[in-house]
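Chemist:
Protein chains in written order, with my numbering: chain A, 89 to 507; chain B, 3 to 170.
Here it is, written out as structure tokens:
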């Protein structure tokens, strides 16, 4: 039987030769992760089950990134719970502040999540690793707790839906624009319970960082996973990085898809998702004058070195508008160091932007840049739900890093070409 | 046998987990603390007016967004007996079963039930009754595997059984 990449990976993690959409399976897990918000409940579930040892300490990562560096006493207690559990279980992949990064930027960077893997994480953006050709999906804490014990997880095999992006990307158009455009077209539940598969000429030429951005936001269309088949770009990224051997899969040419979308993106221009839905997508050029108070450049969606370079290209020699706070948050310690060595910080600081140590922080309204009532932010993050970055009467507009940087300078939502 | 009766509170489509329990309150996983802010960004007065046994009625894609299990935990802890939606986001769907929050998909009931209606739910039969209007609706059946999980008492007791099997 012909299978999609998702079906092949899932089948390889069961004792079955093939799996079919809708089928319930128990799959072996290659890697499992949790963060400072979700892992405490997972550890409680682990204890409640009476378990003593995780299935494999090398395959479990605990990453305090959401409210870390600890924003208050309660957050410090949650992180302490992770730390104590990591020490008790001898987990090598517990990342303290100073080594820490936003989980979905950190684990690929460390070569811990790889093509052909089945990965679960108690964080919805775990789908990010689909960019490497892994089957990777977000689950809740109890699921993580159970998987830490058994090394297995139950799944309903998802149907697959294929996206073919034809043509070449125009100026200032990145992975963020492709995925926002996609969500705008199919809606925030357009791929509910499905595996999205990103293909086509525009994906072939897409750098790894932009691929991560696309897979990262598959959840914003309701998807279980968002995969890109490994190619030379993937292999180049993994060289000198992969922590263990891996296997690359590709969909059979005659594999079944519930739907196939084909778009020529040659004429696509940078887009923004307006409040309060990632599916509320418009071209930047069509947005009426919208003054802003804050810009956030960072997160698991767009906090990689390439994203910071895009922002720096726009901010070089410019000043952030006096009406705007511009926060730049490199997603990992290594990205922070690389950006510093490349001289990007000088550009950001000269522009009067603030540069922060890695954290999810403002993306989910945790800390480090919370909005007051009536305030508006342009952010390179992934969600613009009501209250997402602070007060329920604040607003978040989602964009790529270049649009965010241009908006910071002009104090309103702006296209980089306006500078 | 699982039966519930209570007042309906109706919400729209795509209610996300940030609306169900905003991240600003996630520095704890204490159910009582979470319950105090349940549905706060969708209806700031919800936790003050909801009564034990009441039912949340919602449109499509309920629970979209983050994977936080705190969302079903908060709904359960505030006293809501059951969530009836047109459809659920997939992580929320898993989490509800794993944490023992009863949920049903029943688009017809969602379309007809208004806030304030008295609703009775027979979870085993998958029947939703609008007592106020005297109409009954049949919900989508719970898949057999999920039923098995529910019967075992959730995912953790299910895993415990597996652990015991392994030890034997």
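Just so it is clear, CB atoms sit at the ideal spot from N, CA and C, and this is done for glycine as well.
1) Which residues in the same chain have their Cβ closer than 6 Å to the Cβ of residue 91 of chain B, if we skip the five residues on either side of it in sequence?
2) Answer yes or no: does any C-beta atom of chain B fall closer than 8 Å to that of residue 141 of chain A?
3) Are the C-beta of residue 166 of chain A and some C-beta of chain B separated by less than 8 Å?
4) Nearest-angstrom Cα distance between residue 53 of chain B and residue 234 of chain A?
5) Which residue comes first and which comes last in the alpha helix (DSSP H) that contains residue 169 of chain A?
6) With 8 Å as the C-beta to C-beta threshold (strictly closer), list the residues of the stretch 81-109 of chain B near chain A in chain order.
7) Does the distance from the C-beta atom of residue 126 of chain A to that of residue 232 of chain A stay below 8 Å?
8) Extract the residue ranges of the beta strand (DSSP E) inside the stretch 463-489 of chain A, only unbroken runs of 3 or more that lie entirely within it.
9) Are the C-beta of residue 136 of chain B and some C-beta of chain A separated by less than 8 Å?
10) When we look at the beta-carbon of residue 355 of chain A and count the other beta-carbons within 10 Å, is it buried (16 or more) or exposed?
11) Looking at residue 117 of chain A: is its Cβ nearer than 8 Å to the Cβ of residue 245 of chain A?
12) Please check if any C-beta of chain B sits within less than 8 Å of the C-beta of residue 128 of chain A.
13) Can you list the beta strand (DSSP E) stretches of 3 or more residues lying completely in the stretch 385-452 of chain A, in chain order?
14) Could you compute how far the alpha carbon of residue 489 of chain A sits from the alpha carbon of residue 396 of chain A?
15) How many Å lie between residue 80 of chain B and residue 37 of chain B at the Cα?
16) Please work out which residues of its chain come closer than 6 Å, Cβ to Cβ, to residue 68 of chain B, disregarding the five sequence neighbours upstream and downstream, and give them in chain order.
17) Contact between the stretch 122-137 of chain B and the stretch 201-212 of chain A: three or more CB pairs below 8 Å?
18) Helix, strand or coil for residue 319 of chain A per DSSP?
19) Using 8 Å as the threshold, is the C-beta distance between residue 282 of chain A and residue 219 of chain A below it?
20) With 8 Å as the threshold, decide whether the Cβ of residue 21 of chain B is near any Cβ in chain A.
21) Relative to the alpha-carbon of residue 408 of chain A, which residue among A:383, A:326, A:497 and A:473 has its alpha-carbon at the smallest distance?
22) Just tell me which of A:441, A:389 and A:230 has its CA closest to the CA of residue 405 of chain A.
23) Residues of chain B with CB under 8 Å from residue 211 of chain A, in chain order?
24) In whole angstroms, what separates the C-alpha of residue 97 of chain A from that of residue 183 of chain A?
25) Just checking my contact of residue 457 of chain A with residue 415 of chain A at CB under 8 Å: how many whole Å lie between their CB atoms?
26) Please state whether the Cβ-Cβ distance between residue 93 of chain B and residue 466 of chain A is less than 8 Å.
27) Does the distance from the CB of residue 402 of chain A to the CB of residue 268 of chain A come in under 8 Å?
28) On the premise that residue 75 of chain B lies in contact with residue 137 of chain A, defined as a C-beta separation below 8 Å, what is that separation, rounded to the nearest angstrom?
29) Which residues bound the alpha helix (DSSP H) around residue 244 of chain A?
30) Rounded to the nearest angstrom, what separates residue 367 of chain A and residue 272 of chain A at their Cα positions?
31) If we count Cβ pairs, one from each stretch, closer than 8 Å, do we get three or more for the stretch 321-333 of chain A versus the stretch 250-262 of chain A?
32) Cβ of residue 474 of chain A less than 8 Å from any chain B Cβ?
Modeler: The short version:
1) Walking along the second chain from the start, residue 91 of chain B turns up at place 89. 63, 65 and 66, listed in sequence order.
2) Position 53 of the first chain, counted from the first residue, corresponds to residue 141 of chain A. Chain B, which has no Cβ nearer than 8 Å to the Cβ of residue 141 of chain A, makes this no.
3) Residue mapping note: residue 166 of chain A aligns to position 78 of the first chain, counting from 1. It does; some Cβ of chain B falls within 8 Å.
4) The residue you call residue 53 of chain B lines up with position 51 of the second chain. The residue you call residue 234 of chain A lines up with position 146 of the first chain. Answer to the nearest angstrom: the Cα atoms are 32 Å apart.
5) Within the first chain, numbered from 1, the residue matching residue 169 of chain A stands at position 81. Element bounds for residue 169 of chain A: 161-177.
6) 89, 91, 92, 93, 96, 97, 100 and 101
7) By one-based count along the first chain, residue 126 of chain A stands at place 38. By one-based count along the first chain, residue 232 of chain A stands at place 144. Yes, the pair counts as a contact, with Cβ atoms nearer than the cut-off.
8) 464-467 and 483-486
9) To locate residue 136 of chain B, count along the second chain from 1; it is residue 134. Taking Cβ atoms only, chain A never reaches closer than 8 Å to residue 136 of chain B, which makes this a no.
10) The residue you call residue 355 of chain A lines up with position 267 of the first chain. Residue 355 of chain A is exposed by the Cβ-count criterion.
11) Along the first chain, read from residue 1 onward, the residue named residue 117 of chain A stands at position 29. Along the first chain, read from residue 1 onward, the residue named residue 245 of chain A stands at position 157. For residue 117 of chain A and residue 245 of chain A, no; Cβs fall outside 8 Å.
12) Residue numbering aside, residue 128 of chain A sits at position 40 when the first chain is read from its first letter. In terms of beta-carbon proximity, residue 128 of chain A lines the interface with chain B, with at least one pair separated by less than 8 Å.
13) Within the stretch 385-452 of chain A, the complete beta strand (DSSP E) runs of at least 3 residues are 413-417.
14) Here residue 489 of chain A is taken as the residue at index 401 of the first chain, counted from 1. Here residue 396 of chain A is taken as the residue at index 308 of the first chain, counted from 1. Using only the alpha carbons, I get a separation of about 7 Å.
15) Here residue 80 of chain B refers to the residue found at position 78 of the second chain. Here residue 37 of chain B refers to the residue found at position 35 of the second chain. Distance between the alpha carbons of residue 80 of chain B and residue 37 of chain B: 5 Å.
16) Position 66 of the second chain, counting from 1, holds the residue named residue 68 of chain B. 19.
17) no
18) In the first chain, residue 319 of chain A corresponds to position 231, counting from 1. Residue 319 of chain A falls in the coil class under three-state DSSP.
19) Position 194 of the first chain holds residue 282 of chain A. Position 131 of the first chain holds residue 219 of chain A. Not in contact: residue 282 of chain A and residue 219 of chain A (Cβ atoms no closer than 8 Å).
20) Position 19 of the second chain, counting from 1, holds the residue named residue 21 of chain B. Yes, its Cβ sits closer than 8 Å to a Cβ of chain A.
21) As a working note, residue 408 of chain A is residue 320 in the first chain. For residue 408 of chain A, the nearest C-alpha among the options comes from A:497.
22) Position 317 of the first chain holds residue 405 of chain A. The residue with the shortest Cα to Cα distance from residue 405 of chain A is A:441.
23) Walking along the first chain from the start, residue 211 of chain A turns up at place 123. In chain order: 68 and 69.
24) Locating residue 97 of chain A in the first chain gives position 9, counting from the first residue. Locating residue 183 of chain A in the first chain gives position 95, counting from the first residue. Rounded to the nearest angstrom, the two C-alpha atoms are 28 Å apart.
25) Indexing the first chain from 1 puts residue 457 of chain A at position 369. Indexing the first chain from 1 puts residue 415 of chain A at position 327. Contact flag correct, Cβ pair sits at about 5 Å.
26) Residue numbering aside, residue 93 of chain B sits at position 91 when the second chain is read from its first letter. Residue numbering aside, residue 466 of chain A sits at position 378 when the first chain is read from its first letter. Going by C-beta atoms, residue 93 of chain B is not nearer than 8 Å to residue 466 of chain A.
27) Locating residue 402 of chain A in the first chain gives position 314, counting from the first residue. Locating residue 268 of chain A in the first chain gives position 180, counting from the first residue. For residue 402 of chain A and residue 268 of chain A, no; Cβs fall outside 8 Å.
28) Along the first chain, one-based indexing puts residue 137 of chain A at 49. Along the second chain, one-based indexing puts residue 75 of chain B at 73. About 17 Å separates the two Cβ atoms, so there is no contact after all.
29) As a working mapping, residue 244 of chain A is identified with position 156 in the first chain. Taken as a continuous stretch (DSSP letters only), residue 244 of chain A belongs to no alpha helix (DSSP H), being part of the beta strand (DSSP E) at 240-244.
30) Residue numbering aside, residue 367 of chain A sits at position 279 when the first chain is read from its first letter. Residue numbering aside, residue 272 of chain A sits at position 184 when the first chain is read from its first letter. Looking at the two C-alpha atoms, the distance is approximately 4 Å.
31) no
32) Here residue 474 of chain A corresponds to residue number 386 of the first chain, with the count starting at 1. Interface residue, yes.
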